[in-house]
Amino acid sequence: MSLADNECVPCRGGVPPVEPAKAQELLRQLEQGWTFNAQGHLEREYAFKNFAEALEFVNKVGAIAEEQGHHPDLHLAWGKCKVEIWTHKIQGLTESDFFFAAKADRVYSSNG
C-alpha cells in the first residue's frame with residue numbers, strides 16, 4: 003500500500019509528533035524533492051509550464067485537503083507551487099502529513 007492510499011486522521015491535539023527516526027523513514031517513502039524546512043515542516047516545490055497548470059494543481063490539492071480535513075500551506079506563483087505541510091494543532095509532524103504529501107505527489111504525477 004502506498005502512503006497516498008492512507009486516509010488523513012484529523013488531529014485534535016494532545017498527541018506527540020512522530021519521532022525523528024520515523025519521520026526520516028516516512029520521508030524516504032515519498033517522491034524525491036520533499037525536505038524538512040527550518041521549522042521542521044515537510045516542504046516540496048513543484049514546477050509547471052505556466053501559471054494555469056500551477057493553479058490547476060493548487061485546486062486539485064485544495065479539494066483533497068477539504069476531503070481529508072488536512073490543510074497544507076500552498077504557495078502559488080507563476081510556474082510553481084510550494085506545498086508546506088505540518089499538523090498545526092501540535093506544531094509538528096504526524097503520519098497524516100506524510101500521507102498528504104504522497105497524495106500531492108499523486109496529483110502531480112497524474113498531470114503528466
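Those letters in the sequence shown? Residues 3 to 114, per our numbering, in order.
The C-beta atom is built at its ideal place from N, Cα and C for all residues, glycine as well.
Quantities reported herein were computed from a predicted structural model and do not represent experimental measurements.
Where do the ends of the alpha helix (DSSP H) carrying Ile92 lie? Counting along the chain, Ile92 falls outside any alpha helix (DSSP H), and DSSP gives it neither H nor E.
In three-state DSSP terms, what is Leu5? In this structure, Leu5 counts as helix in the three-state DSSP scheme.
Please report the straight-line C-alpha distance between Asn39 and Glu45, rounded to a whole angstrom. Here the C-alpha atom of Asn39 lies approximately 6 Å from the C-alpha atom of Glu45.
Comparing alpha-carbon positions, which option in Glu47, Phe102 and Ala65 lies nearest Gly35? Per the Cα distances, Glu47.
Buried or exposed for Ser4, going by 16 or more other Cβ atoms inside 10 Å? Exposed.
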